[in-house]
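A.B. asks: Mind having a look at this structure? Questions to follow.
In the working numbering, the protein residues as written are 35 to 315.
Next up, the structure:
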């Protein structure tokens, strides 16, 4: 599989991706604060949008034809692309929030998962929190592999291997979505190259300075088979299993790796992998 050299950004372009990454991080922090029992997903969306605008950016999801919101809010068996509305968050819900910002023509993209507390259903909450932890840890395992990889598709190998091992250790059957994957990012929110969350035969492009990708594992309890709901956007599991999505925009540069959508560049999470991210010079 051949890739054009244009998938690699130059140092000046990498610097221009710092602000939209931090705006995206701020939007998700705002969404997390609002996402409590009794709140609507519209309120979560509004909080994320306000955070981006306050920093001088714009929501890039609104640039997708036909989509009119700042974030995607996917609840319980919804995996990705859920549309904010008047749905009220209930205790015990597992909610994935996917957000993105654009500033000066450059994009950021990131997602988190949270579980709304529910003291009356500790087993449900524990299972869903565990799913979220596994998905987030799989993301950071993939990012850590990227820091040392020669080829991009080593990331998917690392993610799938981690999810398999955790499923066996915990006695759960986890599925990784294969129809929805990560992507390159820059001037457009979705660019080449594809970023797989599972093993593939191809090596993918070379990992070298200028590569910027959005890594976004989507993990479910049970079967990874999905369907698109009647709204034409929301993707849910066929078997009703709970779902989790975590995502970060990550850059490789001449001095190392930097997670653009993490306030600390990924330092706290990558420390467990023996990796120290390096900010752009």
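Glycine included, each C-beta is placed from N, C-alpha and C at the ideal position.
Is DSSP giving residue 241 helix, strand or coil here?
C.D. replies: As a position in the chain shown, residue 241 is number 207, starting the count at 1. Residue 241: coil per DSSP, three-state reduction.
A.B. asks: In the DSSP assignment, what residue or residues form a beta bridge with residue 143?
C.D. replies: Working through the chain shown from its first residue, we reach residue 143 at position 109. 134.
A.B. asks: Within 10 Å of its beta-carbon, does residue 258 have 16 or more other beta-carbons around it, so buried, or fewer, so exposed?
C.D. replies: Numbered from its first residue, the chain shown carries residue 258 at position 224. Buried.
A.B. asks: I'd like to check one pair, residue 92 with residue 137: are the Cβ atoms closer than 9 Å?
C.D. replies: Reading the chain shown from its first residue, position 103 is the one you call residue 137. Reading the chain shown from its first residue, position 58 is the one you call residue 92. Yes, the pair counts as a contact, with Cβ atoms nearer than the cut-off.
A.B. asks: If residue 186 and residue 255 are in contact, beta carbons under 8 Å, what's the gap, nearest whole angstrom?
C.D. replies: Stepping through the chain shown from its first residue, residue 186 is reached at position 152. Stepping through the chain shown from its first residue, residue 255 is reached at position 221. That pair is no contact at about 28 Å.
A.B. asks: Assuming residue 311 and residue 304 make a contact with CB atoms under 8 Å, what is their CB distance in whole Å?
C.D. replies: The sequence position of residue 311 within the chain shown is 277, counting from 1. The sequence position of residue 304 within the chain shown is 270, counting from 1. Yes, they are in contact, since the Cβ atoms of residue 311 and residue 304 sit about 6 Å apart, within 8 Å.
A.B. asks: I need the straight-line Cα distance from residue 38 to residue 74, nearest angstrom please.
C.D. replies: Locating residue 38 in the chain shown gives position 4, counting from the first residue. Locating residue 74 in the chain shown gives position 40, counting from the first residue. Below a pLDDT of 50, predicted positions are generally treated as unreliable, and residue 38, at 48, falls in that range; no measurement from the model is reported.
A.B. asks: Taking only three categories from DSSP, how would you classify residue 77?
C.D. replies: Counting from one through the chain shown, the residue named residue 77 turns up at place 43. Helix at residue 77.
A.B. asks: Given 8 Å as the limit, is there contact between the segment 127–135 and the segment 146–161, that is, 3 or more CB pairs closer than that?
C.D. replies: Yes: at least three Cβ pairs fall under 8 Å.
A.B. asks: Per DSSP, what kind of secondary structure is residue 38 in: helix, strand or coil?
C.D. replies: Against the chain shown, residue 38 aligns to sequence position 4. Reliability of the predicted coordinates at residue 38 is poor, the pLDDT of 48 falling under 50, and no value is obtained from them.
A.B. asks: Among 267, 114, 285, 299, which residue has its Cα nearest to the Cα of residue 210?
C.D. replies: Here residue 210 refers to the residue found at position 176 when the chain shown is read from its first residue. Of the candidates 267, 114, 285, 299, the one whose C-alpha sits nearest the C-alpha of residue 210 is 114.
A.B. asks: Would you mind giving the Cβ-Cβ distance between residue 218 and residue 41, rounded to the nearest angstrom? I have them listed as a contact below 8 Å.
C.D. replies: For this step, residue 218 is matched to residue 184 along the chain shown. For this step, residue 41 is matched to residue 7 along the chain shown. Correct: roughly 6 Å between the Cβ atoms.
A.B. asks: Checking 9 Å against the spacing of the C-beta atoms, do residue 78 and residue 98 come in under that value?
C.D. replies: Numbered from its first residue, the chain shown carries residue 78 at position 44. Numbered from its first residue, the chain shown carries residue 98 at position 64. No, Cβ-Cβ distance for residue 78 and residue 98 is not below 9 Å.
A.B. asks: Going by beta-carbon coordinates alone, are residue 306 and residue 282 separated by less than 9 Å?
C.D. replies: Stepping through the chain shown from its first residue, residue 306 is reached at position 272. Stepping through the chain shown from its first residue, residue 282 is reached at position 248. Going by C-beta atoms, residue 306 is not nearer than 9 Å to residue 282.
A.B. asks: Cβ atoms of residue 56 and residue 250: under 9 Å apart, would you say?
C.D. replies: Taking the first residue of the chain shown as position 1, residue 250 is located at position 216. Taking the first residue of the chain shown as position 1, residue 56 is located at position 22. Cβ atoms of residue 250 and residue 56: not closer than 9 Å.
A.B. asks: Beta-carbon separation of residue 276 and residue 168 under 9 Å?
C.D. replies: Stepping through the chain shown from its first residue, residue 276 is reached at position 242. Stepping through the chain shown from its first residue, residue 168 is reached at position 134. No. Outside cutoff.
A.B. asks: Roughly how many angstroms separate the alpha carbons of residue 192 and residue 216, rounded to a whole number?
C.D. replies: Indexing the chain shown from 1 puts residue 192 at position 158. Indexing the chain shown from 1 puts residue 216 at position 182. In a straight line, the C-alpha of residue 192 is about 14 Å away from that of residue 216.
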